[in-house]
Amino acid sequence: MNLFYQPDNGYLADVIPFYEAGYYYLFYLHDYRNRSKNGEGTPWYLVRTKDFVHFEEFGEVLPRGGKESQDLYVFTGSVFKKGEHDYYLFYTGHNPHYTTKPQQAIMSARSTDLIHWQKDPDATFFAPIDQFESDDWRDPFVFYDHHQDTYKMLLASRLKDGGRRRRGATVMMRSDDLLNWHVERLLYAPEMYYTHECPDYFSIGKYWYLIYSEFSHHRVTHYRISEHLDGPWLMPS
Numbered sequence: 002m003n004l005f006y007q008p009d010n011g012y013l014a015d016v017i018p019f020y021e022a023g024y025y026y027l028f029y030l031h032d033y034r035n036r037s038k039n040g041e042g043t044p045w046y047l048v049r050t051k052d053f054v055h056f057e058e059f060g061e062v063l064p065r066g067g068k069e070s071q072d073l074y075v076f077t078g079s080v081f082k083k084g085e086h087d088y089y090l091f092y093t094g095h096n097p098h099y100t101t102k103p104q105q106a107i108m109s110a111r112s113t114d115l116i117h118w119q120k121d122p123d124a125t126f127f128a129p130i131d132q133f134e135s136d137d138w139r140d141p142f143v144f145y146d147h148h149q150d151t152y153k154m155l156l157a158s159r160l161k162d163g164g165r166r167r168r169g170a171t172v173m174m175r176s177d178d179l180l181n182w183h184v185e186r187l188l189y190a191p192e193m194y195y196t197h198e199c200p201d202y203f204s205i206g207k208y209w210y211l212i213y214s215e216f217s218h219h220r221v222t223h224y225r226i227s228e229h230l231d232g233p234w235l236m237p238s
């Protein structure tokens, strides 16, 4: 028995997990790697499991856009539940063919069952170009901040100023309705990496943990710890 799930037609990348009622919903980027047969771009697929041995496949749940669409590549994001049956999916819309407008944007979709999703193009937003590079604005991770009674989102981004390979930053966004977002502050910008991909944020005991992937040839995942939600962040040895 092969314990490591792999789709029959393509490759699995960037798993986005969501847990509910005994099931692990594993959304992922479906990478065909065969443009001549399947065309360009990556949609989101979904499998569901209770034990990580048996998987129920749902196939494509969030389609890619066309070559002229912002979300030709439906890249990484997160899933968030509000209320009893209201689910929000936040993702990166990427189009490498754009030359006169940003290649990346934060986009969203909504569902009532985690399987059937409706995109909301009106909720799309881009990097503020006065502070951030327009083509690096991705990997939204959404959570609820009980301390401030509001919604927060972490993003992988790059500052406009600084060393070319050291502008990586984790940005904290804020929203009162999950639809309209604004930059609250820079959460972490140590001037160490090109960017901080796929940020994640959670607490264990007295510490908050910030996790991100170093976008370089090292392919390294880092974590930082803090006793406070907003830092300062300590670098474990």
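Residue numbering for the sequence shown follows our numbering, starting at 2 and increasing by one per position. All C-beta atoms in this analysis are idealised placements derived from N, C-alpha and C, irrespective of residue type, glycine included. In this text the structure is predicted, and so the values were computed from the model without any measurement.
Asked	Found
Rounded Cβ spacing between Leu63 and Pro44 (contact assumed at less than 8 Å)	6 Å
Cβ-Cβ distance between Phe76 and His95 below 7 Å	yes
Reduced DSSP category for Ala157 - H, G, I as helix; E, B as strand; rest coil	strand
Identity of the residue in Phe5, Tyr20, Leu188 nearest Ala14 by Cα	Phe5
Where the alpha helix (DSSP H) through Lys38 begins and ends	36 to 39
Coil, strand or helix - Pro200 by DSSP	strand
Three-state secondary structure (DSSP) of Asp52	coil
Sub-7 Å separation of Phe65 and Thr93 beta-carbons	According to the sequence displayed, residue 65 carries Arg and not Phe. No, these two residues do not count as a Cβ contact at 7 Å.
Limits of the beta strand (DSSP E) - the one that Asp177 falls within	That residue, Asp177, is in no beta strand (DSSP E); it is neither H nor E in DSSP.
Residue burial classification, His183 (beta-carbon count within 10 angstroms, cutoff 16)	exposed
CA nearest to the CA of Gly40, picked from Glu21, Gly67, Gly232, Lys102	Gly67
Selected residue, minimal CA-CA separation from Phe127, among Phe53, Asp137, Asp114, Tyr99	Asp137
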